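First up is the structure itself, then whatever we jot down about it.
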Amino acid sequence: MLPSLILKYLTDLPRSVKAAFLICLDFLVLCFAMLLALAVRFEPASLEHQFRALYLGVWALIAVQMLASIISGLYRSVLRHAGSELLVLLLRSVLLGTGLFALMNLMLKEYQLPRTIIVISAAFVFLGLLSVRLMIRWVVRIHVVEPQQREKLKRVAIYGAGSAGLQLYESLRQEGTYQIAAFVDDNPKLQGGRVREKSILSFSGLQKLHTNNPLDWVLLALPGVKHEQRKNILQQIRLLKVGVRVLPTADQLMRGTADASQLQEVDIADLLGRDEITPDEELLHQDIEGRNILVTGAGGSIGSELCREILQDSPKLLVLLELNEFSLYQAERTFRNLSSIPIVPCLGSVQDSELLKHLLYDHKINTVYHAAAYKHVPLVEENPLQGLRNNALGTQSIIEKCIEADVGAFVLISTDKAVRPTNVMGASKRIAEMIVQDAARRFPESKMGIVRFGNVLDSSGSVVPLFREQIKKRIPVTVTHPEITRYFMSIGEAARLVIQAGAMSKNGEVFLLDMGQPVKIRDLALQMIELSGLVPEKDIPLQFTGLRPGEKLYEELLIDPAQSHPTQHLRIYSSEEPLPESEVLQKEIQLLSEAISKRDLNSTLDSMKRLVPEYNPENGQ
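So for the sequence shown, the working numbering puts the first residue at 11; every next one is plus one.
Structure (structure tokens):
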């Protein structure tokens, strides 16, 4: 430890001091090289006599070599980073000094050095100066540079000693930016063994390792494990207060081997997700295979995921309707790379009746998935007229055109916020549901359905991307209320369940997706902070901002739980929701439309409350 500290002190000295130190070393090397040259040239018995006779020439040669080293720039070279150019510089310096002294030697007369001494000494000087520099570089590298590099390396353990873990180990070793401390595996048969000269530990062994010499990251290399097992492992690692990075799932890894470039942040679905029930392939293909499909809101989170699933179910044509130009551009580019199925991008709104008519007739649409909606509660609360126009009247616009065009199947994507709504967004979606229910009642030969579910993980408007951004910036993570809860589902599972539920629809049923258990948002934030390798409240505080206007403390999935019924799918339920008489509903929708057109806010809200009498903004608090 002490030699390393001394060397660290020496390497931090000004360059002029280090150059002076090197000059002193070189002087000693030159003296030793001259003595060696004399010893090689003369017999040992006459060595002292010869030195007395030639001492002036010896000191002159040493002085000239020192001068040549300075002139040639030898002491301006940074030893720590010098490469092959050091050899060239040394050779040039020694040859310059030898040449200059050879000319001077002619003037020394009786003190002249034999030419053999000059040549032999040149070789010894070159070797001596080179050896000193290589020795300095080696000592500095071993005691200064490498310890500094090790301090900069991420100290990690690889969780999983299978093929993915070994591939990851090789990739990390070649990259050189990680210090791999050990492997960890839950298999008792592997624990206590070694692989690639690294120990395979149990979880308790990992705890001891981290306690004695803290880790920066645990790298999860278990691409094939199920959600529940992965969730349990992550919950254990959370207790260590260490960061986690994961390899993608087995499906993602099919495109290549496991390597460091594939390491990702923990997918929030790994924390909250569950093992998905095997989809019913018949239901997935029923309304899609060989058909022309229209998806509204195709650039949004759920809309784009629906498109991905639809493309896997062999449609004849997929039409993307999206209001946002950039979202449509991204969606089209992504989907064209995924499939050779014809894709038609259309920039427009569901409120444009003529555009809808053109799309439905010209492309002979068979199935419509209506995902277009304004979903951000505070924004719709601030813009109620536009929210109701888009979510409610936009649904009326597209359902009417679908009936005219004799579209085979229509599915409305709804939300749990439509249940006893406390905000305008939820109320607007409940009105949209009633519009579809009424259309199904008036046109029983049409196949229409509604699918209602909660939050999808990592969607553009969810808290997850916000938390991730705040953690990355090391700023307070904002949660509206300590007790607020939400239902969550992975976006892929939600899209597949929507398609399967839609296939089961007959006459305006409201399908409810089993969202599992509600999640406390505060706990979610804490888990995300801890799995980033940070300590809540110490590294990043939680900040409670208060419920926003119209925001519920708890979400509900059913209007009347007694009216829900199981279906052929274990995670899909149906519900027959109460509905006003068709004439009453149509009249009230007309009044709502007129109030919105006149931009009469009070009349609009009054109409909304008559349509959705269970709307109560006070319930959100």
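Every residue, glycine too, gets a C-beta built ideally from N, C-alpha and C. Model, not experiment: these values are computed from the prediction.
Measure how close the beta-carbons of residue i and residue j come, nearest whole angstrom, since I'm counting them as under 8 Å.
i	j	result
Asn433	Gly560	3 Å
Gly543	Val252	6 Å
Asn376	Asn302	5 Å
Gln537	Pro486	Wrong, their Cβ atoms sit about 16 Å apart, outside the cutoff.
Leu338	Leu357	6 Å
Val520	Ser584	7 Å
Gly309	Ala341	5 Å
Leu595	Ser617	At roughly 12 Å, the Cβ-Cβ gap does not stay under 8 Å, so Leu595 and Ser617 are not in contact.
Ile550	Ile481	6 Å
Leu589	Asp468	Not a contact, Cβ separation roughly 34 Å.
Asp297	Ala419	5 Å
Glu586	Gln573	6 Å
Leu250	His220	5 Å
Leu348	Thr614	With 8 Å as the limit, Leu348 and Thr614 do not qualify as a contact, their Cβ atoms being about 41 Å apart.
Arg343	Ile353	Not quite, the Cβ-Cβ distance comes to about 10 Å (not below 8 Å), so this is no contact.
Whose C-alpha, out of the options, is nearest the C-alpha of residue i?
i	options	result
Ala381	Leu84, Arg125, Gly404	Gly404
Ile81	Val508, Gly107, Asn612, Tyr371	Gly107
Leu230	Val254, Pro588, Ile210	Val254
Leu84	Pro233, Ser103, Tyr169	Ser103
Ile247	Lys236, Ile582, Leu273, Lys218	Lys218
Leu563	Glu493, Asp533, Ser515, Val520	Glu493
Tyr169	Phe134, Val135, Gly234, Glu598	Gly234
Val421	Tyr65, Met514, Asp280, Asp195	Met514
Gly307	Val149, Lys374, Cys317	Cys317
Met145	Pro54, Lys516, Leu32	Leu32
Leu225	Glu53, Ile190, His237	Ile190
Asn612	Lys483, Gly175, Val150, Leu395	Leu395
Glu319	Thr488, Val387, Glu503, Arg478	Glu503
Ser359	Leu321, Ile152, Tyr384, Arg147	Tyr384
Tyr379	Met458, Val354, Ser173, Asp290	Met458
Arg484	Ser424, Glu547, Arg346	Glu547
Asn517	Ile460, Val354, Ile423	Ile460
Pro198	Gly175, Ala171, Arg183	Ala171
Val473	Arg462, Thr490, Thr577	Thr490
Ile582	Leu293, Asn334, Arg343, Ala29	Leu293
Phe111	Leu100, Leu101, Leu123	Leu123
Lys439	Val387, Ala450, Glu414, Ala419	Val387
His373	Asn393, Ser407, Lys530, Asp416	Asp416
Ser26	Arg86, Tyr497, Leu281	Arg86
Tyr497	Glu604, Leu522, Ile408	Leu522
Val305	Ile408, Phe213, His575, Asp277	Ile408
Leu182	Val194, Arg143, Glu565, Leu273	Leu273
Pro325	Lys427, Ser350, Phe336, Phe213	Ser350
Arg240	Val354, Glu364, Leu389, Leu281	Leu281
Val276	Ile287, Ala450, Leu100, Leu232	Leu232
His368	Cys412, Asn334, Pro352, Glu392	Cys412
Glu207	Asn222, Val228, Glu180, Asn223	Glu180
Lys530	Leu116, Cys41, Thr495, Gly436	Thr495
Val429	Glu565, Ser363, Leu101	Glu565
Ala43	Gly186, Ala133, Ile152	Ala133
Cys41	Val508, Arg51, Ile72	Ile72
Leu389	Gly512, Met435, His295	Met435
Any idea which residues DSSP pairs residue i with across the strands?
i	result
His491	Per DSSP, none; premise fails for His491.
Ser575	The sequence shown places His at residue 575, rather than the Ser named in the question. Answer is Ser584.
Val205	Lys208
Ile550	Pro546
Met499	Val466
Gln274	Val256
Val228	Ala167, Val254
Phe521	Val461, Ser584
Lys530	Thr495
Which runs of the beta strand (DSSP E), 3 residues or longer, sit entirely within the segment 392-471? 419-425, 457-463
Would the segment 302-317 and the segment 325-337 be scored as touching if the rule is three or more Cβ pairs under 8 Å? yes
Just to confirm the assignment: which complete alpha helix (DSSP H) runs, minimum length 4, are found wholly within the segment 143-196? 156-162, 173-185
What ranges does the alpha helix (DSSP H) occupy inside the segment 302-386, keeping only unbroken runs of at least 4 residues that lie completely in it? 311-322, 335-348, 363-372
Would you be able to state if there are at least three C-beta pairs under 8 Å between the segment 438-446 and the segment 619-626? yes
On the three-pair Cβ rule with 8 Å, is the segment 66-77 touching the segment 31-41? yes
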